[in-house]
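Student: Got a structure here, written out as structure tokens. Questions coming.
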Amino acid sequence: MIVNSLNIELPVGENFRIRKNRYCCEDLNIEEQKRVSIVSGIHGDELEGQYVCFLLSEWLNNNQDKIKGIIDIYPAMNSLGIDSITRSIPFYNVDLNRVFPGNKEDFLPAQIADAIVEEISGSAVAIDIHSSNIFLREIPQVRMSQQYSEELLPLAKSLGIDFVWIHDAVTVLEATFAHSLNSRGTKTLVVEMGVGMRVTTEYCINLANGIKNMLAQIGVLDIPTKELKQPIISQNGQVYYINSDSAGLFIPSIEHCEYVKKGDLIGKIVAPISGKIEQEIFSPADGVLFTLREYPIVYEGSLIARIFGENI
Ligand SMILES: [Zn+2]
């Protein structure tokens, strides 16, 4: 059932809307059903989650009898951004994921954040799907802060995802959707995968299957659970950031998501006008390359890659 879950009147006589598709078990009392919220499109330039929402809805449409709880799917939280290919909320130029928990009395982005928190709070689990930005490609990963890792790790493991990045940067995360929900007791996982403005079909299919597995594990879907591949977890090692020392065009030498050895060539930065190689970039450690520069133009300081080096 597709419904408008949020409607805010805009000054120009239009409305800001968030739509959801609700699936639930027809044989059980609605109050007794566990609710799961699948959220995407908080950033308007991230589209991988759109396809995950489609895949889930398509499957649920054909397997109504397997549904034992409420599954709410919100493909486009920042609907204005998605409609106008804008990461932030258009006209305000505000990143929606930096204004949580929001406020009813404040400007439009804060009103949207407040309404989203109210809507999703109380879910047994929420999954917030992001797809990096147009500059960086990410392997499928769940990110969580140390504070909530104990409750969230078992859920993340049921998704069959490649990598779990547990980090401590709480000051940066406090204004996010996930932090607001987790601090209110609603378990919320953040998935990052792929690249902005694109759809990586393989990642989306795998995540949709992983979400079905998680739903089975918590009793919302009546399907057999599977032993999916276990993620590498960042607790037992170190994340290395590799930034550019010069400006130019980045040409990668390796595929994404590769195990790299210390000293392997990751890529080079070249100068189109002079024909010179400005910089060769080597891996500082053995590990998994989980982030790689997608957009080729770089400046001094641009992020080129992130590598997770396991402590051996
Ligand atoms: Zn995002």
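Just add 28 to the spot in the sequence shown (first one is 1) and you have my numbering.
We treat Cβ as the ideally placed atom computed from N, Cα and C, and that holds for glycine.
#1: Kindly indicate the opening and closing residues of the beta strand (DSSP E) around V298.
#2: So does H207 have its beta carbon nearer than 6 Å to some heavy atom of ligand 1?
#3: Is the beta carbon of E322 within less than 6 Å of some heavy atom of ligand 1?
#4: Following a CB-centred definition, is E76 positioned closer than 6 Å to any heavy atom of ligand 1?
#5: Is the segment 146-157 close to the segment 201-220, with three or more CB pairs under 8 Å?
#6: Report yes if the C-beta of H158 is less than 6 Å from at least one heavy atom of ligand 1; otherwise report no.
#7: Shortest alpha-carbon distance to V40 belongs to which of R115, F119 and E338?
#8: Closer than 6 Å: is that where the CB of H195 sits relative to any heavy atom of ligand 1?
#9: Taking only heavy atoms of ligand 1 into account, decide whether any of them is closer than 6 Å to the Cβ of H71.
#10: Whole beta strand (DSSP E) runs in the segment 214-288 with 3 or more residues, listed along the chain?
#11: Could you spell out the range, first to last residue, of the alpha helix (DSSP H) harbouring P137?
#12: Per DSSP, M29 is paired with what?
#13: Please list the segments of the beta strand (DSSP E) lying wholly inside the segment 300-332, counting only runs of 3 or more residues, in order along the chain.
#14: Roughly how many angstroms lie between the CA atoms of V127 and L183, to the nearest whole one?
#15: According to DSSP, simplified to helix, strand and coil, what is Y346?
Tutor: Reading from the atomic positions:
#1: L293 to A299
#2: no
#3: no
#4: no
#5: yes
#6: yes
#7: F119
#8: no
#9: yes
#10: 215-222, 265-271 and 276-280
#11: L136 to I148
#12: Note: M29 sits in no beta bridge, so no partner.
#13: 304-310 and 315-321
#14: 26 Å
#15: Look at the range of the chain in this structure, 29 to 340, and you will see that residue 346 is not part of it.
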